[in-house]
Amino acid sequence: MPKEENFLKRFIIDSINNSIYGFRQVIKKIGYLEPLDELFIKGIEDPILFNVLKKIYDLQIFNSKAIPLEGPAIIICNSQSTLDPIISSIVINHKSQRIPIQVLDTKLGTDSMLQNFFRVNQAIFVRPQEEDMEAFERCEQTLFDGKLLVMFPEGELGSGNGKLLQFKSDFLRLAISTQAPILPIAIYGTDRIYGKKASIINPQGKIRVKFGDLIPISNITQASDFKDLNFKQVDKLTRKIHRKVKKLWTDVWITEEEQKKAP
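Quick look at the structure:
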């Protein structure tokens, strides 16, 4: 990192972020943090960022009626860009007026440019290299409270272009323990705007978001405890959801390719 960027990050950006964090802790103690965040998301973040995405990246959303307007759901999304949690939050909130809780790698919680967005959106950060029971219990409670939980089961950024990494099974374990339905979603285009190896955001591109249909957990397994499933059963079920997300992405890709060929 160049000296100028390091100085900016260390003495200005990180200093501002630490001050914001301290302020948020004070507000949390007196019980006003959650309503303040909700006011910010619904009054500022949603109308401004949604319209920015529409104008710059021609954001289009398909089958948003699948988002449940009440009750819990585990929203399973592909992971190709650090923008994906931001896009999914904005789209879900705009279309359902519900604020989803993101489940993210702890690295994003320390990103100087993104951490305050994720703090406001009340993300749950998970240590990916170990069994993080505290984070799992928070996810469980979020679903028991009837909220929406967004998960990226690839566990890391993929290369994009519809190539999904293998899914980890944490979402399945949560779905069984809480009996929350699963909603697959595919985000298209963010890999070309700010992909895994990108250093700057591309000001050109298209973003598409397509939701699948809500899947009751009873439709894919009758198990009442994750421990009742063997390795092959877990692998089969995670692959089933993987294929649904992949198909959603492919459907969007086919539509985009057909539009390019249209006269």
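Residue numbers (UniProt numbering): 1 to 263.
We put the beta carbon where it would ideally sit given N, CA and C, even for glycine.
Please read all numbers here as calculations on a predicted model, not as lab measurements.
Note that the C-beta distance between L69 and S96 is below 7 Å. Just measuring C-alpha positions, the residue of V103, V234, I215, G189 sitting nearest W253 is G189. In this structure, H94 is the residue among G31, H94, K147 with its C-alpha nearest to the C-alpha of K42. Under the DSSP assignment, R208 falls in the beta strand (DSSP E) whose first and last residues are 208 to 211.
By the criterion of at least three beta-carbon pairs nearer than 8 Å, the segment 196 to 213 is in contact with the segment 243 to 257.
Within the same chain, I217 come within 7 Å of Q179 by CB-CB distance, once the 5 residues on both sides are set aside. Counting along the chain, the unbroken alpha helix (DSSP H) around F171 starts and ends at 170 to 178.
Leaving aside the five residues that flank S224 on each side, the residues in its chain whose CB is nearer than 8 Å to its CB run, in chain order, I176. Each residue's CA atom was taken as its position, placing L148 and L237 some 21 Å apart. Burial check for Q233: the Cβ neighbour count within 10 Å stays below 16, so the residue is exposed. DSSP, reduced to helix, strand and coil, places I220 outside both helices and strands of the structure shown, so it counts as coil.
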